[in-house]
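Mapping to my numbering: the sequence shown position 179 is 1549, numbers consecutive.
Note that CB positions come from ideal geometry on N, CA and C, so glycine has one too.
In what follows, a single structure is set out as structure tokens and then discussed.
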Amino acid sequence: MRRMLVTGGAGFIGSNFVHDTLRRFPDVEVTVLDLLTYAGSQRNLDGVPVTFVHGDICDASLVDGLVAATDVVVHFAAESHVDNSLNDPSPFIQTNIVGTFTLLEAVRKHEVRLHHISTDEVFGDLPLDSLEQFTEQTAYDPSSPYSASKASSDMLVRAWVRSYGVQATISNCANNYGSYQHVEKLIPRQITNILLGDKPKLYGAGANVREWTHVTDHNSAVHRIITAGQIGETYLIGSGDERSNQQIITQLLTLMGQDPTAYDHVPDRPGHDLRYSNNTTKLRTELGWTPRYDFEAGLAATITWYRENAAWWKPQKSSTEAKYKLLGR
Ligand code: NAD
Ligand code: DAU
């Protein structure tokens, strides 16, 4: 693992991954390929010694040249937001499916190792009042255009492994939080609303449950899989920290010194998945991974990061809220 190509390395998880990789493996030469959509920013990599390529993972000749010059591809690039996919699925089909296909053809040709980053949303959802969990054997049953496009990309990776012997692994992680997350997502949206004196917005009754994993824990799992994972295998990643959306908003308000009931109910997301929960036994027992972050401490640190980095998030905030206003949320 001397030369690494990170797609989507200017986005939330990808940029944190690049920072963590260079901290843990200072000898690795990292190249980032990123289209710098609304969700990506080169500022996320300020001061980080990487080769940055501004381009599209669907550009076959660009991808071919970059893959030929690397030892491992870590594929984060995607359209990642469910609400956007409900509004306009087309870029999700293009980037998440065609983009992954383009990368697969290049790693097949050049016999390069690929790690594909995916989501637990490919499995659909779980009942609210149960102890059921997703496992690596759970059947795919995606609900939104976003999760259907990610499910499609996982299926392509599996087929390229089986039919062409491509050297690939897949991970499906639960919801991430931490620094550099776009303000469209639940936690940064509410923190920045509170910082601006606006109320948090809770979809529907707020009973839906998510499993929250700190981005650094997600990335340490990806490092374990790249260095010790079995080719062709899928690994689920998650912290075990499940919270309802209402609990998250109440907790943020409390941590930020506000009235915990000072939030607005807004119309629900169509097709809204009820609950996600990943069984991570395989990753923990076979690869020895454990998450390090305590959720409450991680949330407090995330609030501090947004408090101290208003210059980073303010430029995204009004356009994001304008999009939500059109959706009535
Ligand atoms: P993000 O939206 O913050 O970042 C995506 C990045 O991909 C951006 O930098 C964007 O510019 C880039 N990109 C988009 N289209 C591109 C294209 N055609 N070519 C090149 N670059 C392109 O996303 P994120 O939240 O960091 O998610 C990263 C990956 O992790 C995604 O594959 C997502 O499905 C997966 N994932 C996310 C979460 C989460 O909670 N955020 C959880 C599990 C899995
Ligand atoms: O589970 C992994 C997935 O987690 C990733 O694959 C996705 O890329 C990532 O965006 C995330 O998807 P969610 O749809 O779960 O995340 P989001 O932050 O959009 O919403 C989290 C929950 O909070 C969801 O139940 C909807 C709700 N919500 C969201 C927003 C933005 C609100 O109640 N209010 C809000 O303002």
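Would you check whether the ligand NAD has a heavy atom nearer than 7 Å to the C-beta of residue i?
i, result
"A1476", "no"
"T1470", "no"
"K1520", "yes"
"F1446", "yes"
"L1403", "yes"
"G1378", "yes"
"F1665", "no"
"G1410", "yes"
"F1422", "no"
When DSSP builds the beta bridges, which residues end up paired with residue i?
i, result
"W1582", "N1545"
"V1376", "V1402, V1444"
"V1612", "The sequence shown places Glu at residue 1612, rather than the Val named in the question. Bridge partners of E1612: E1581."
"V1423", "L1403"
"A1538", "L1484"
"D1664", "D1664 pairs with nothing; no bridge assigned."
"I1607", "C1543"
"K1571", "D1634"
"R1645", "L1496, V1579"
"T1489", "C1543"
"F1504", "N1648"
Compute the beta-carbon to beta-carbon distance between residue i and residue j, rounded to the nearest angstrom, for a pair I have assumed lies under 8 Å.
i, j, result
"V1531", "A1521", "Not really, about 16 Å apart at Cβ, beyond 8 Å."
"T1586", "D1390", "6 Å"
"T1583", "C1543", "6 Å"
"H1642", "G1574", "7 Å"
"L1623", "L1669", "So it is not a contact: roughly 12 Å between Cβ atoms."
"V1402", "F1422", "5 Å"
"H1593", "I1607", "At roughly 11 Å, the Cβ-Cβ gap does not stay under 8 Å, so H1593 and I1607 are not in contact."
"V1376", "V1398", "Between V1398 and V1376 the Cβ distance is about 10 Å, and since that is not below 8 Å, they are no contact."
"R1373", "D1429", "That belief does not hold up - the Cβ atoms of R1373 and D1429 are roughly 20 Å apart, past 8 Å."
"P1512", "G1494", "6 Å"
"Y1516", "S1455", "4 Å"
Would the C-beta of residue i count as close to the ligand DAU, meaning under 7 Å from any of its heavy atoms?
i, result
"Y1702", "Residue numbering for the chain in the displayed model covers 1371 to 1699; residue 1702 lies beyond these limits and cannot be assessed."
"A1544", "yes"
"E1491", "yes"
"D1453", "yes"
"Y1510", "no"
"R1580", "yes"
"R1559", "yes"
"S1572", "Going by the sequence as given, residue 1572 is Leu instead of Ser. Within the cutoff, so yes."
"Y1605", "no"
"Y1646", "yes"
"R1613", "no"
"H1363", "Because the chain in this structure spans residues 1371 to 1699, residue 1363 falls outside the shown range and cannot be described."
"K1555", "yes"
Between residue i and residue j, is the Cβ-Cβ spacing less than 8 Å?
i, j, result
"S1385", "Y1550", "yes"
"I1601", "H1485", "no"
"K1687", "T1562", "yes"
"L1496", "Y1605", "no"
"I1557", "S1488", "no"
"A1447", "G1378", "yes"
"L1405", "T1470", "no"
"V1388", "V1433", "no"
"L1644", "L1498", "yes"
"F1504", "N1648", "yes"
"S1523", "F1462", "no"
"I1619", "L1565", "no"
"R1639", "D1453", "yes"
Using a 10 Å radius around the Cβ and a threshold of 16 neighbouring Cβ atoms, would you call residue i buried or exposed?
i, result
"E1491", "buried"
"E1666", "exposed"
"D1426", "buried"
"K1684", "exposed"
"E1449", "buried"
"K1695", "exposed"
"H1635", "exposed"
"N1679", "exposed"
"R1483", "buried"
"G1567", "exposed"
"P1637", "exposed"
"T1674", "exposed"
"H1424", "exposed"
"R1580", "buried"
"K1555", "buried"
"S1500", "exposed"
"G1627", "exposed"
"A1632", "exposed"
"P1396", "exposed"
What I want to know is whether the C-beta of residue i ends up closer than 7 Å to one or more non-hydrogen atoms of the ligand ADP.
i, result
"L1657", "Of the ligands one can find in the structure shown, namely the ligand NAD and the ligand DAU, none is the ligand ADP."
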